[in-house]
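K.L.:
Numbering (this note's numbering), first residue to last: 301 to 488. Just so you know, even glycine gets a beta-carbon here, dropped at the ideal spot from N, CA and C.
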Amino acid sequence: MDINALAQSCICDHKYRKSIYRKYIQSQDDFFFENYEGTIREDLLYACLQIACRNRHMSILVIEIMRFSDESSVSARVFESIKARRQNFRKNSIHVLAHCTLSTLQYLMLFSLSQENELFDSILCTLINNPEFSIHDVQVFLELSKDIKAPTINLCDESTFDETINPLRITKMNIAKEYLFCQWKGQC
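#1: By the DSSP assignment, the alpha helix (DSSP H) with Thr426 in it spans what residues?
#2: Strictly by DSSP, which residues pair up with Thr401?
#3: With DSSP run on the structure shown, which of helix, strand or coil describes Glu380?
#4: If you follow the alpha helix (DSSP H) that Arg317 is part of, which residue opens it and which one closes it?
#5: From the DSSP output, in three-state form, read off Asp437 for me.
#6: Run the CB neighbour count on Ile394, radius 10 Å, all protein chains shown included, and call it buried at 16 or more, exposed below.
#7: Among all the DSSP beta bridges, which residues are the ones paired with Glu337?
#8: Leaving aside the five residues before and after Phe379 along the sequence, list all residues of the same chain whose C-beta is less than 7 Å from its C-beta, in chain order.
#9: Taking the Cβ atom as the reference point for each residue, do Ser373 and Thr339 lie within a distance shorter than 8 Å?
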């Protein structure tokens, strides 16, 4: 079944929402991925978030529905809705969205809500791997992220590139490594 059909039914029918909630609680982790597919539409995700403010079943279900997001699903109003929620809900939402395919700007917006290591990794790898981002972009992001204390940060898969083909990527990688090592030692 398409995730949008589920979301629409959960928005419109309280009894259906409750039955999906019960099925999810009984089967937990794999329930959504085994039974649903597709990408959630922004309007439906936003509507689910609005209902989740006043309905405990939907507040659990919307986190799972969010797993079907991509960059077209997450708008400014979706961010604002997440931002307005309690810390636990916000943290769960950010964790889920950090694993979705979003744009770099969307990752940065998530990172501004909560400086999570997973988001840091995703953003830093994007900045390093894409030639449209400069050395300065990497330096600015690292400076904005100075509170991250993770000495074992995964700095992208170094085996996937050739130094002779992309010297800019090598330079950005070295700047990030140097900065993170300095942070880890507490000397920055």
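P.N.:
Let's see:
#1: Asn417 to Asn429
#2: Asp370
#3: helix
#4: His314 to Ser327
#5: helix
#6: buried
#7: Asp302
#8: Met409
#9: yes
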